[in-house]
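Remarks on the structure that follows.
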Amino acid sequence: MRPDRLNPLFVAADSLKGVGPQLARPLERLGLTRVRDFVYHLPDRFVERRAVTDLDQAGVGENIVVALTPVEYRSAVGRGPFRVLASDAAGNICALTYFGRNGGWAKKQLPLGERRWIAGRLDQFGQLLQIVHPDHVLEEGGATLGQLCEPVYPLSEGLTQGRIAALVGQALETVPELPEWIEPGLLDKLHWPAWRDALMLAHKGDHSAARDRLAHDELLANSLALMLVRSANRAQSGTPLKGDGHLRERVQLPFALTGAQRRAIDEIAGDMEQGAPMLRLLQGDVGSGKTVVALEAMLIAVEAGAQAALLAPTEILARQHYETLSRMAAGTGVEIALLTGRDKGKARESILMGLHDGSIGIVVGTHAIFQDAVTYRNLALVVIDEQHRFGVGQRLMLTQKGRRTPHCLSMTATPIPRTLTLAQYGEMDVSKLDEMPPGRQPIDTRVVAVERIDDVVGAIGRHLESGQQAYWVCPMVRELESEDLAAAEARHAALKARFGETVVLVHGQLRPEAKDAAMERFVRGEAKLLVATTVIEVGVDVPNATLMVIEQAERFGLAQLHQLRGRVGRGEGKSTCLLLRSDALSETARRRLALMRETQDGFRIAEEDLELRGGGELLGTRQSGDTPFRVASLEQIQRLLPLAHDDARLLMDRDGGLTGPRGAAARLLLYLFERDWGVQLLRSG
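According to our numbering, the residues represented by the sequence shown are 78 to 762, in order.
Quick look at the structure:
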């Protein structure tokens, strides 16, 4: 249970003055639903403005504060901006420009003939000086904004800097004093401020020590929680499993195992022989053969007289795994069952009975395989596919179905940079499949200018006529007014008009049943062209789909592009990936696309992706799902994670874990960063 002293930080956002239903929606888009979220909503940067008496003293591109008097309103025709022409003390004219708003709001703020202090960035549009969306408009006292270091916060549509800053200010007033959880020697050595002081400083200026301390807190909470998981797991009594090989030797594979697969199987078999439950991550690129390794592990369990379960994040993936495993294990005589939420009646009852009496050796399914009604005779191995879709807390619940804690093998097809493996999977041992099975054909990857989109559509037509299938991926669902991004719905409509009912649409905002129905049509071959967002980046296996088009490819991260490309090249036919790019490319985007042409090594791509993104992009916002962190940037993770890991190890090994004086403070830290499943483990253990 969360300590009382933290409760003020976890009350809902609407407890802050000015937050009602209308404001709650844009706040929710930023993840700002509780007071704590505002406290950790750190500025992207800080702006210093210079107060000037007239525009002659300012340079284009400079952030300034100046007194201006509105003299004329100009409404544009159509969807153009609304402009307020205003005069400074020397008679210079400047346009105050507003996009996407009607003129009423601007007129209310800027009545004609009445002087206002304007703060913003001075730009030039043709011959006209302008300030687009002024940051501040004040009647009096505006000159005091000059030379102030003002935070610039991440925003979403419907929010302003002033509104966010005011809400953050309210949230900071609720921050309590908390005892110190960082090792005192480390704190002194790095000259970091106390926690509460660090929060205040991080919102007031570019204080790198304060931001590093807050990032360290988050990394420390994560490292400590993962260590608690590992410690609790080792204290559990597992079931030693040693197979005799009589089932595995009957598995019929059309290819020889790679050295990496054999090595991973040996590591897993060694873990399963131990009395403590296995906790291992199998990390392998798209097509590296993780399913074969998982089957070998599950057959070891069955050979030893136990049962195994494979958990997949979606019904389509579960069905796909079931069919693959059934095909490979056909000669073993092991009964494999599929159990999803869709199964009802006698068929479901039969599966439940088989799991209960042990006649079913391997079950594949979604969360349905761990519902209360499902009981096992002797579940001793749990395999979790696409580990990143399930939190640590969820996984811990799943492993409570056995008489003893089952061995756990997690799998991910997302290659993870070495730096981040410890951050995400610090409680696990890691096996890596870094070789590809023989016969896997390279994917022909080409970068195509968007001007040639008609040629691409024509090529798709010829591709579909030949009996093959294709994907077309867009960066978003619907087009926003402010951005010219490809929209999946609009692209689907255009392609459907050209190719008819053979085109289907899948995106994350569809109802699950509608999404599954469209995917199943494509998997069965009834639909030939699948238009989608990145919802299809992991797991879909359609060997007949040999063409992938990614529109506005420069909008995607390298790792995401690699995952999307991995949807093709899964059969015997030659596969092609077309990366449609716009004209305006940043240097980083050019390097990304060039690397995609150059290599198909997912591990190299993961490392390069981390290098290219650097510390400028906050994790969990711009690269959803990359890491479990919100405060720590990529650069901070690379630099501070070893320190945080050592600090957590010191707490566990020298300072008494969560039972000593520093441990009491560390408990607060775990609750603060919602890693409190670490505390629950300690209690249950």
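Even glycine gets a Cβ: it sits at the ideal position worked out from N, Cα and C.
C-alpha gap between residue i and residue j, whole angstroms
i      : j      : result
Tyr175 : Gln207 : 10 Å
Pro519 : Ser652 : 8 Å
Ala595 : Arg340 : 39 Å
Leu359 : Met488 : 5 Å
Val96  : Arg111 : 11 Å
Phe633 : Val619 : 23 Å
Gln546 : Asn310 : 46 Å
Gly180 : Glu125 : 29 Å
Lys605 : Glu234 : 37 Å
Leu486 : Ala574 : 46 Å
Gly336 : Glu675 : 25 Å
Glu191 : Pro211 : 16 Å
Ala286 : Pro253 : 20 Å
Trp272 : Gln586 : 39 Å
Leu720 : Phe123 : 28 Å
Val161 : Thr251 : 40 Å
Asp362 : Glu512 : 9 Å
Glu257 : Arg288 : 16 Å
Cys171 : Tyr150 : 12 Å
Met78  : Pro85  : 14 Å
Gly538 : Phe576 : 8 Å
Met673 : Ala683 : 11 Å
Asp532 : Leu394 : 33 Å
Ser152 : Phe159 : 5 Å
Pro26  : Gly737 : The chain is shown from 78 up to 762; residue 26 falls before or after that span and cannot be answered.
His118 : Leu236 : 14 Å
Arg404 : Phe680 : 29 Å
Asp37  : Ala636 : The shown model of the chain, from 78 to 762, leaves out residue 37, and the question about it has no answer.
Assigned secondary structure, residue i (DSSP; H/G/I helix, E/B strand, else coil)
i      : result
Ala220 : helix
Asp200 : strand
Phe599 : helix
Phe159 : strand
Asn140 : strand
Val370 : helix
Val116 : helix
Asp593 : helix
Val245 : helix
Pro620 : coil
Met625 : strand
Phe750 : coil
Phe332 : coil
Thr736 : helix
His210 : coil
Met78  : coil
When the options are compared against residue i, the one with the closest alpha-carbon
i      : options                           : result
Arg198 : Val214, Gln186, Gln637 and Glu631 : Val214
His722 : Gly431, Leu499 and Ala741         : Leu499
Val116 : Ala90, Val581, Ala128 and Gln640  : Ala90
Asn621 : Pro120, Glu685, Gly602 and Gly138 : Gly602
Pro231 : Pro256, Arg106 and Ala172         : Arg106
Gln247 : Arg681, Arg404, Leu93 and Gln715  : Leu93
Leu387 : Leu376, Glu631, Asp462 and Arg419 : Asp462
Pro515 : Gly366, Ala567 and Glu528         : Gly366
Leu109 : Val88, Val129 and Asp121          : Val88
Leu749 : Pro98, Phe202, Thr443 and Glu295  : Glu295
Val369 : Glu400, Val148 and Pro354         : Glu400
Leu173 : Gly155, Val154 and Val148         : Val148
Ala312 : His569, Thr482, Leu104 and Leu510 : Thr482
Leu689 : Gly646, Pro494, Arg588 and Ile613 : Pro494
Leu638 : Arg647, Cys654, Glu649 and Gly648 : Cys654
Ala677 : Leu100, Gly364 and Cys226         : One detail in the question is off: residue 677 reads as Gln in this sequence, not Ala. Residue Gly364 is the option with its Cα nearest to Gln677.
Rounded Cβ spacing between residue i and residue j (contact assumed at less than 8 Å)
i      : j      : result
Val583 : Ala609 : 4 Å
Glu440 : Leu432 : Looking at the sequence shown, residue 440 is not Glu but Val. Indeed, because the Cβ distance is near 6 Å, the residues count as touching under 8 Å.
Leu301 : Ala725 : 4 Å
Leu656 : Ile627 : 5 Å
Val142 : Ala128 : 5 Å
Ala298 : Arg752 : 5 Å
- Cβ pair count under 8 Å reaching 3, the stretch 650 to 667 against the stretch 704 to 720: Not touching, per the Cβ criterion.
- Task: Count the CB pairs spanning the stretch 304 to 313 and the stretch 499 to 506 that are closer than 8 Å, and state whether there are at least three.
- Result: At 8 Å Cβ cutoff, the stretches touch.
- Query: Is the stretch 742 to 754 touching the stretch 260 to 271 in the sense that three or more CB pairs, one from each, lie closer than 8 Å?
  - Reply: Between the stretch 260 to 271 and the stretch 742 to 754, the count of C-beta pairs closer than 8 Å stays below three; the two stretches do not touch.
- At least three beta-carbon pairs within less than 8 Å, the stretch 240 to 252 to the stretch 276 to 291: Enough Cβ pairs lie closer than 8 Å, so yes.
- Is it a yes or a no for the stretch 717 to 731 touching the stretch 320 to 334, going by three-plus beta-carbon pairs under 8 Å? Judged by Cβ distances under 8 Å, the stretch 717 to 731 makes no contact with the stretch 320 to 334, as fewer than three pairs qualify.
- Message: Quick test of the definition: if touching needs 3 or more C-beta pairs under 8 Å, does the stretch 641 to 650 touch the stretch 518 to 537?
- Response: Yes, they touch.
- Flag this pair as touching only if the stretch 381 to 401 and the stretch 442 to 462 have three or more C-beta atom pairs under 8 Å; answer yes or no. Yes, the stretch 381 to 401 touches the stretch 442 to 462.
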